[in-house]
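J.: Let me give you the structure first, and then I'll get to my questions.
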Amino acid sequence: TLSTYFKYPETVRRLIYTTNAIEGFNRQLRKVTKSKTVFPSDDSLLKMLYLATMDITKKWTGHRQDWGQIHSQLEIYFEERLSSRNL
């Protein structure tokens with residue numbers, strides 16, 4: 001619900017709301033699969049998606065300026081999930 005969204009601080013809400021990276025990633029995968037309309041097998045499709053994913057992630061350089069603050073706030077809300085992980 002909307003009230004759940006607003007219980008988080010503004011920096012976390014901005015992170016949750018932003019889907020540009022996900023949309024861009026999906027767009028790049030669609031571009032790869034549209035270029036070839038028929039795949040000989042499911043494995044060939046999976047291999048192509050895997051290779052495309054490896055290529056796409058090599059180009060990722062995005063760093064959030066306020067990541068330290070966001071991570072600290074997420075640790076407060078999700079302590080049991082983030083306590084042993086270093087994000």
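Residues 1 to 87, numbered by the UniProt record's numbering, are exactly what the sequence shown covers, in order. Backbone N, C-alpha and C fix where the C-beta goes; we use that ideal spot for every residue, glycine too. Just so it is clear, the structure is predicted and the values come from calculations on it, not from any experiment.
1. Curious, which full-length beta strand (DSSP E) runs of at least 3 residues does the segment 43 to 84 contain?
2. Using C-beta distances below 6 angstroms, list every residue in its chain close to D66, excluding the 5 sequence neighbours before and after it, in chain order.
3. Assuming contact is defined by CB atoms lying nearer than 8 angstroms, are I56 and R64 in contact in what I supplied?
4. Can you have a look at L51 and say buried or exposed, based on whether 16 or more other CB atoms are within 10 angstroms of its CB?
5. In the DSSP assignment, find the alpha helix (DSSP H) that holds K36 and state where it starts and stops.
T.: The relevant details are as follows:
1. Taking only runs of at least 3 residues, no beta strand (DSSP E) segment lies wholly in the segment 43 to 84.
2. Within the sequence shown, numbered from 1, the residue matching residue 66 stands at position 66. If we look at D66 and ignore the five residues flanking it on each side, its Cβ neighbours are T11.
3. Locating residue 56 in the sequence shown gives position 56, where the first residue counts as 1. Locating residue 64 in the sequence shown gives position 64, where the first residue counts as 1. Judged by beta-carbon spacing, R64 lies beyond the 8 angstroms limit of I56, meaning their Cβ atoms are not closer than that value.
4. Position 51 of the sequence shown holds residue 51. That one is exposed.
5. To locate residue 36, count along the sequence shown from 1; it is residue 36. Neither: K36 is in no alpha helix (DSSP H) and is coded neither H nor E.
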